[in-house]
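Participant:
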Amino acid sequence: MRILAKKFGADWAASEMITDNPSLRHTRKTLSRSDHTGESGVIAVQIAGSDPQQMAQAAQYNVANGAQVIDINMGCPAKKVCNVLAGSALLQNEKLVEQILTAVVGAVNVPVTLKTRLGWDDQHQNLPTIARIAEQAGIAALAVHGRTRTQMYLGEASYDLIAKVKQQIDLPVWVNGDIDSPQKAAAVLAQTGADGVMIGRAAQGNPWLFAQIKYFFANKQLPPPLPFQQACETVLAHLRAIHDFYGETAGVRIARKHIGWYVARLPDGEIFRKAFNQLDSAAAQQDALAAFLAQQATHHEFWH
Numbered sequence: 228m229r230i231l232a233k234k235f236g237a238d239w240a241a242s243e244m245i246t247d248n249p250s251l252r253h254t255r256k257t258l259s260r261s262d263h264t265g266e267s268g269v270i271a272v273q274i275a276g277s278d279p280q281q282m283a284q285a286a287q288y289n290v291a292n293g294a295q296v297i298d299i300n301m302g303c304p305a306k307k308v309c310n311v312l313a314g315s316a317l318l319q320n321e322k323l324v325e326q327i328l329t330a331v332v333g334a335v336n337v338p339v340t341l342k343t344r345l346g347w348d349d350q351h352q353n354l355p356t357i358a359r360i361a362e363q364a365g366i367a368a369l370a371v372h373g374r375t376r377t378q379m380y381l382g383e384a385s386y387d388l389i390a391k392v393k394q395q396i397d398l399p400v401w402v403n404g405d406i407d408s409p410q411k412a413a414a415v416l417a418q419t420g421a422d423g424v425m426i427g428r429a430a431q432g433n434p435w436l437f438a439q440i441k442y443f444f445a446n447k448q449l450p451p452p453l454p455f456q457q458a459c460e461t462v463l464a465h466l467r468a469i470h471d472f473y474g475e476t477a478g479v480r481i482a483r484k485h486i487g488w489y490v491a492r493l494p495d496g497e498i499f500r501k502a503f504n505q506l507d508s509a510a511a512q513q514d515a516l517a518a519f520l521a522q523q524a525t526h527h528e529f530w531h
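First residue of the sequence shown? That's 228 in the working numbering, and the numbers climb one at a time after it.
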């Protein structure tokens, strides 16, 4: 997905979140998440944890293995992450936030960025304090998701507090949350005065969004519709890349969610998704997807 994001215009893309736990450093999952083979542009690795020394060591390890940017995750709302006092759970302990940021920045000679949220809940929206701590610690840029941890991904993202924080600090600020179109990206930047946008869930099944946003800002108009056949080539190539990267067993499993995102807005996409999820080999998945898209191509000139 990082390769696709960069291909279609993302300035950089961070790895999936990697734990700071050294005992898990050589597991298959961690090794795959830190594998940047074939990836162009800036290599950014996102780390998560709650121990300042371990976080610093994790940053050093990843820089030694090619990371050009270290991104610290203090925004993940997942229960399994927060239960070990990592991700957005850290927003409840500002002193520990300071210790972690200071330790990581001091441990490496590459830019360190921070991904966070508005706060833990509506009563504790401490983003302004976190932002000041980040700036004083030497963080290079701040990415903010416009929800609290307790909101998870429910409701609509709020950008008002991000706009206030942008006026209070000199750090580059990137806005994240519900940015799913070029028009929304432009509106959010205008509202917040932020320096950029970070795209997450909206790019799932829609990697072309990055190119559409870039085109919109460059030309002040929406790009032409995406030819259906061109989109099909991207989807099929993505499926093959998943199988090649993860191997047969894991690749077949991981491909299910990605292909589900792609076909969600196509006619009969849900029916196909259910059938696709029953397939247990890479060859079967590739054949089924090719046949489904070929059938769809007879009815569509452009990808929706």
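Don't be surprised by glycine CBs; every beta carbon is placed ideally from N, CA and C.
1. Can you give me the Cβ contacts of ILE406 inside the same chain, cut-off strictly under 7 Å, excluding the 5 residues immediately before and after it?
2. How many angstroms separate the CA atom of GLY265 from the CA atom of CYS459?
3. In terms of DSSP beta bridges, what is TRP239 paired with?
4. Is the distance from the Cβ of ASP409 to the Cβ of ALA330 below 8 Å?
5. Does DSSP classify VAL339 as helix, strand or coil?
6. Our contact map puts ASP238 next to ALA275 with C-beta atoms below 8 Å; I'd like the distance itself, whole angstroms only.
7. Taking 7 Å as the limit between beta carbons, can you name the residues of its chain near TYR386, skipping five residues before and five after?
8. Just list the residues that DSSP pairs ALA370 with in beta bridges.
9. From the DSSP output, in three-state form, read off PRO451 for me.
10. Whole angstroms are fine: how far does the CA of ALA358 sit from the CA of LEU341?
11. Near GLY487, what residues of its chain come up, given a Cβ to Cβ distance below 7 Å and the 5 sequence neighbours on each side ignored?
12. DSSP state of GLY302, grouped into three classes?
13. Below 8 Å between beta carbons: does that hold for ILE299 and LEU328?
14. Between the beta-carbon of MET301 and the beta-carbon of THR343, is there less than 8 Å?
15. For PRO454, which residues from the same chain have a beta carbon less than 8 Å from its beta carbon, with the 5 sequence-adjacent residues on both sides left out?
16. Sorted by chain position, which residues of the same chain lie with C-beta nearer than 7 Å to ARG492's C-beta, five sequence neighbours on each side aside?
17. Residue range of the beta strand (DSSP E) that GLY181 falls in?
18. Using 10 angstroms around the beta-carbon of SER315, count the other beta-carbons present and answer buried if the total reaches 16, otherwise exposed.
19. For ALA313, which residues from the same chain have a beta carbon less than 6 Å from its beta carbon, with the 5 sequence-adjacent residues on both sides left out?
20. Cβ atoms of VAL337 and VAL371: under 8 Å apart, would you say?
21. Do you know how far the Cα of ASP348 is from the Cα of GLU321?
22. Which value, in whole angstroms, describes the spacing of the CA atoms of GLY382 and PRO304?
23. Assuming VAL479 and GLN512 are in contact, meaning their beta carbons sit under 8 Å apart, how far apart are those beta carbons, in whole angstroms?
24. So within the segment 425-496, which uninterrupted alpha helix (DSSP H) runs reach at least 4 residues, ignoring any that extend past its ends?
Facilitator: In terms of the structure at hand:
1. Walking along the sequence shown from the start, residue 406 turns up at place 179. Once the five neighbours on either side are set aside, the close Cβ partners of ILE406 are ALA412, VAL415, VAL424, ILE426 and ALA429.
2. Position 38 of the sequence shown, counted from the start, is the residue given in the question as residue 265. Position 232 of the sequence shown, counted from the start, is the residue given in the question as residue 459. Taking the straight line joining both Cα atoms gives about 21 Å.
3. Against the sequence shown, residue 239 aligns to sequence position 12. DSSP output for TRP239 lists VAL269 as bridge partner(s).
4. Within the sequence shown, the letter at position 182 stands for residue 409. Within the sequence shown, the letter at position 103 stands for residue 330. In the sequence on display, residue 409 carries Pro and not Asp. No, the Cβ-Cβ distance between PRO409 and ALA330 is not below 8 Å.
5. Working through the sequence shown from its first residue, we reach residue 339 at position 112. VAL339: strand per DSSP, three-state reduction.
6. Position 11 of the sequence shown holds residue 238. Position 48 of the sequence shown holds residue 275. With a Cβ gap of about 22 Å, ASP238 and ALA275 do not count as contacting.
7. For the purposes of this step, residue 386 is taken as the residue at position 159 of the sequence shown. Only GLY373, VAL402, VAL415, GLN418 and THR419 meet the Cβ criterion.
8. For the purposes of this step, residue 370 is identified with residue 143 of the sequence shown, where counting begins at 1. Looking at the DSSP assignment, ALA370 forms a beta bridge with LYS342 and TRP401.
9. What you label residue 451 is simply residue 224 of the sequence shown in a count that begins at 1. Residue state, collapsed to three classes: coil.
10. The residue labelled residue 341 in the question sits at position 114 within the sequence shown. The residue labelled residue 358 in the question sits at position 131 within the sequence shown. Each residue's Cα considered, the two are about 9 Å apart.
11. Within the sequence shown, numbered from 1, the residue matching residue 487 stands at position 260. Counting only Cβ-Cβ distances below 7 Å, and skipping sequence neighbours, we find ARG500.
12. Walking along the sequence shown from the start, residue 302 turns up at place 75. GLY302 falls in the coil class under three-state DSSP.
13. As a working note, residue 299 is residue 72 in the sequence shown. As a working note, residue 328 is residue 101 in the sequence shown. Result yes, Cβ atoms of ILE299 and LEU328 sit closer than 8 Å.
14. Taking the sequence shown and counting its residues from 1, the one referred to as residue 301 is at position 74. Taking the sequence shown and counting its residues from 1, the one referred to as residue 343 is at position 116. In this structure, THR343 lies closer than 8 Å to MET301 by Cβ.
15. Position 227 of the sequence shown, counting from 1, holds the residue named residue 454. Counting only Cβ-Cβ distances below 8 Å, and skipping sequence neighbours, we find GLU528, PHE529 and TRP530.
16. In the sequence shown, residue 492 corresponds to position 265, counting from 1. Excluding residues within five positions, the ones whose Cβ falls inside 7 Å are HIS531.
17. Because the chain is modelled from 228 through 531, residue 181 falls outside the range shown and cannot be assessed.
18. Residue 315 sits at position 88 when you count from the first residue of the sequence shown. Classification for SER315: buried.
19. For the purposes of this step, residue 313 is identified with residue 86 of the sequence shown, where counting begins at 1. Cβ neighbours of ALA313 beyond the five flanking positions: ALA275, GLY276 and SER277.
20. For this step, residue 371 is matched to residue 144 along the sequence shown. For this step, residue 337 is matched to residue 110 along the sequence shown. Not in contact: VAL371 and VAL337 (Cβ atoms no closer than 8 Å).
21. Taking the sequence shown and counting its residues from 1, one reaches residue 321 at position 94. Taking the sequence shown and counting its residues from 1, one reaches residue 348 at position 121. Approximately 14 Å, taken between the alpha carbons.
22. Numbered from 1 along the sequence shown, position 155 holds the residue referred to as residue 382. Numbered from 1 along the sequence shown, position 77 holds the residue referred to as residue 304. One C-alpha to the other measures close to 15 Å.
23. Locating residue 479 in the sequence shown gives position 252, where the first residue counts as 1. Locating residue 512 in the sequence shown gives position 285, where the first residue counts as 1. Right, their Cβ atoms sit about 6 Å apart.
24. 436-446, 455-473 and 475-490
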